[in-house]
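Accompanying notes for the structure given below.
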């Protein structure tokens, strides 16, 4: 039995600015050909799907938010308090209670109830795109950025004019998972945490509508011991922070993939029943959370290797998902059980909502952007936290539906 620390493993530099786009996929594929494990300065990377599922589901692992914060000297203050209270970092009875309270707002049926709102928002967003450009747009700013922020504002019960602020806060609070940003932008991350908590407190000071997520949380709080006020605020902040930047990034990756596979984009326009499969394929090929971390609470043995207590492992969803194939093809119909949303007790609460948003967006855009193709250089974000695309210039044929 070998200790993981004694193995001669290939190295992966997550902070390498060249580790994006095709080079990112090529390099991860090369690492996987050498081993099912790789090493970074902070964690051991798991490149095998079965091993990834094992660590995500294991009872002897937990999300290491507190430990990673401590590695960067974050042991007190607003960000530490936010990380400490984040549902990702909770376990046992407290975690189960909070998930049971908020989970009802994120079932497939609950997500489907918001689809008419998503369509209305897309119609309004498209008026600006269609009116200001002649078959051209920088897709991130025009569509991908406003759409999820407006959706979450509606679901929370926040004024739509606050959507840009919600987006800004989401982007910065999500950088708690970005090891580069924790070094360079800690003050701005902490400011966003303070600002968004104050904003949620202000929203809760006015009785929210019962149909909104805040209304459901307030109802649970008023029942007494089910939900404290602090937990109510934390859950709302978790949803706000986790459901905007991620969906923006996933939608942008989707259009980038289709811009390089125009036959599949045309298929989507003519066969809207293919949209759910297309969303699954986007989530499979280009997960915006390429690495999901876990810490070993005890010594864990897997595949003849011992991972000592305290070892941080980073499960690579990109490699796990791509064991089914490297090529992007919506016609294949790959297994929908992906690592993109994690697995086990911390499986992403917002997975159904994210799928609904992506399905509505692709179904709406495909017939309106025929022959969509790249119209300039693509600028990628880094893979250290949420992997997104910062600029995506597109052109398409005019005279569409």
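Numbering (this note's numbering), first residue to last: 211 to 611.
Quick reminder that beta carbons are idealized off the backbone N, C-alpha and C, glycines included.
Computed from a prediction, not measured in an experiment: that's the story for all the values here.
Quick one: Cα of residue 507 to Cα of residue 522, how far?
Looking up residue 507 in the chain shown gives position 297. Looking up residue 522 in the chain shown gives position 312. Computed Cα separation, rounded: 10 Å.
Reference residue 534; option with closest CA among 429, 562, 493, 368
Translated into positions along the chain shown, residue 534 becomes position 324. Of 429, 562, 493, 368, the residue nearest in Cα terms is 493.
Take every Cβ of the stretch 419–428, pair it with every Cβ of the stretch 444–455, and state whether three or more of those distances are shorter than 8 Å.
yes
Secondary structure at residue 357, three-state DSSP: helix, strand or coil?
As a working note, residue 357 is residue 147 in the chain shown. Of the three classes helix, strand and coil, the one that applies to residue 357 here is helix, per DSSP.
Enumerate in chain order the residues of its own chain whose CB-to-CB distance from residue 430 is below 7 Å, with the five nearest sequence positions on each side excluded.
For the purposes of this step, residue 430 is taken as the residue at position 220 of the chain shown. If we look at residue 430 and ignore the five residues flanking it on each side, its Cβ neighbours are 311, 436, 437.
Run through the stretch 231–297 for me and flag every whole alpha helix (DSSP H) of 4 or more residues, listed as ranges in chain order.
231–244, 259–267, 275–281, 288–295
Give me the Cβ distance between residue 572 and residue 478, rounded to the nearest whole Å; I'm assuming they're in contact under 8 Å.
Looking up residue 572 in the chain shown gives position 362. Looking up residue 478 in the chain shown gives position 268. The pair is a contact, with the Cβ atoms about 6 Å apart (cut-off 8 Å).
Could you check where the beta strand (DSSP E) with residue 510 kicks off and where it finishes?
Start at 1 with the first residue of the chain shown, and residue 510 comes out as number 300. Per DSSP, residue 510 belongs to the beta strand (DSSP E) from 510–512.
I think residue 602 touches residue 350, with their Cβ atoms under 8 Å apart; what is that distance to the nearest whole Å?
As a first step, residue 602 must be located in the chain shown, where it is residue number 392. As a first step, residue 350 must be located in the chain shown, where it is residue number 140. Yes, they are in contact, since the Cβ atoms of residue 602 and residue 350 sit about 5 Å apart, within 8 Å.
Quick one: residues in its chain with C-beta nearer than 7 Å to the C-beta of residue 270, no 5 flanking neighbours on either side, listed in chain order?
Taking the chain shown and counting its residues from 1, one reaches residue 270 at position 60. For residue 270, where only same-chain residues beyond five positions count, the Cβ hits under 7 Å are 506, 507, 508, 510.
Secondary structure, alpha helix (DSSP H): runs of 4+ residues fully inside the stretch 372–424
373–383, 389–394, 396–415
Any chain D beta carbon closer than 9 Å to residue 233
Although the question refers to chain D, the structure presented lacks it and comprises just one protein chain.
For residue 603, which of helix, strand or coil comes out of DSSP?
Position 393 of the chain shown holds residue 603. Residue state, collapsed to three classes: strand.
Around the C-beta of residue 540, are 16 or more other C-beta atoms found within 10 angstroms, so that it is buried, or is it exposed?
Translated into the one-based positions of the chain shown, residue 540 becomes position 330. Buried, because 16 or more other Cβ atoms sit within 10 Å of the Cβ of residue 540.
Expressed to the nearest angstrom, what Euclidean distance is found between the alpha-carbon atoms of residue 220 and residue 252?
As a position in the chain shown, residue 220 is number 10, starting the count at 1. As a position in the chain shown, residue 252 is number 42, starting the count at 1. Whole-angstrom Cα-Cα distance: 14 Å.
Residue 274 versus residue 581 - alpha carbon distance
For the purposes of this step, residue 274 is identified with residue 64 of the chain shown, where counting begins at 1. For the purposes of this step, residue 581 is identified with residue 371 of the chain shown, where counting begins at 1. Whole-angstrom Cα-Cα distance: 44 Å.
Leaving out five residues on either side along the sequence, give the residues of the same chain with a beta carbon under 7 Å from the beta carbon of residue 466.
On the chain shown, residue 466 is found 256 positions in, with the first residue counted as 1. Result list for residue 466: 588, 599, 602, in chain order.
With 16 other CB atoms within 10 Å as the buried threshold, where does residue 213 fall?
To locate residue 213, count along the chain shown from 1; it is residue 3. So residue 213 ends up on the exposed side.
With a CB to CB cut of under 7 Å and the five nearest residues on each side skipped, what residues in its chain are close to residue 500?
Residue mapping note: residue 500 aligns to position 290 of the chain shown, counting from 1. Around residue 500: 526, 527, 528, 593, 597.
In whole angstroms, what separates the C-alpha of residue 512 from that of residue 402?
Position 302 of the chain shown, counted from the first residue, corresponds to residue 512. Position 192 of the chain shown, counted from the first residue, corresponds to residue 402. Whole-angstrom Cα-Cα distance: 40 Å.
May I ask you to list the residues that DSSP assigns as paired with residue 506?
Stepping through the chain shown from its first residue, residue 506 is reached at position 296. According to DSSP, residue 506 bridges with 271.
9 Å Cβ cutoff met for residue 569 and residue 443:
Reading the chain shown from its first residue, position 359 is the one you call residue 569. Reading the chain shown from its first residue, position 233 is the one you call residue 443. Contact: no.
Would you mind stating whether residue 463 and residue 496 have Cβ atoms separated by less than 9 Å?
Counting from 1 along the chain shown, the entry for residue 463 is found at position 253. Counting from 1 along the chain shown, the entry for residue 496 is found at position 286. Against a cut-off of 9 Å, the Cβ pair of residue 496 and residue 463 comes out as a contact.
CA-to-CA distance, residue 257 to residue 244, given in whole angstroms
For this step, residue 244 is matched to residue 34 along the chain shown. For this step, residue 257 is matched to residue 47 along the chain shown. If you take the alpha carbons of residue 244 and residue 257, they lie about 10 Å apart.
Limits of the unbroken beta strand (DSSP E) element including residue 522:
Here residue 522 refers to the residue found at position 312 when the chain shown is read from its first residue. Unbroken beta strand (DSSP E) run through residue 522: 522–526.
Alpha carbon to alpha carbon, how far is residue 353 from residue 327?
Taking the first residue of the chain shown as 1, we reach residue 353 at position 143. Taking the first residue of the chain shown as 1, we reach residue 327 at position 117. Whole-angstrom Cα-Cα distance: 15 Å.
So, residue 297 versus residue 386, is the Cβ gap smaller than 9 Å?
Position 87 of the chain shown holds residue 297. Position 176 of the chain shown holds residue 386. Not a contact, by the Cβ cut-off of 9 Å.
Can you check which of these residues, 295, 344, 337, 504, is closest to residue 356 by C-alpha distance?
As a first step, residue 356 is located in the chain shown; it is residue number 146 there, counting from the start. If we check each option's Cα against that of residue 356, 337 comes out closest.
Write down every uninterrupted run of the alpha helix (DSSP H) in the stretch 543–610 whose length is 4 residues or greater and which is fully enclosed by it, in chain order.
561–575
Could you tell me the boundaries of the alpha helix (DSSP H) in which residue 491 lies?
Position 281 of the chain shown, counting from 1, holds the residue named residue 491. Counting along the chain, the alpha helix (DSSP H) containing residue 491 begins and ends at 485–495.
Identity of the residues DSSP links to residue 516 by a beta bridge:
The count along the chain shown starts at 1 and reaches residue 516 at position 306. For residue 516, which the question treats as bridged, DSSP gives the partners 213, 511.
Buried or exposed: residue 254, going by 16 or more other Cβ atoms within 10 Å of its Cβ?
Reading the chain shown from its first residue, position 44 is the one you call residue 254. It counts as buried.
Distance, Cα to Cα, residue 574 vs residue 518?
Walking along the chain shown from the start, residue 574 turns up at place 364. Walking along the chain shown from the start, residue 518 turns up at place 308. One C-alpha to the other measures close to 49 Å.
Output the boundary residues of the beta strand (DSSP E) element that contains residue 441.
Here residue 441 corresponds to residue number 231 of the chain shown, with the count starting at 1. Premise fails: residue 441 lies in the alpha helix (DSSP H), 439–452, not in any beta strand (DSSP E).
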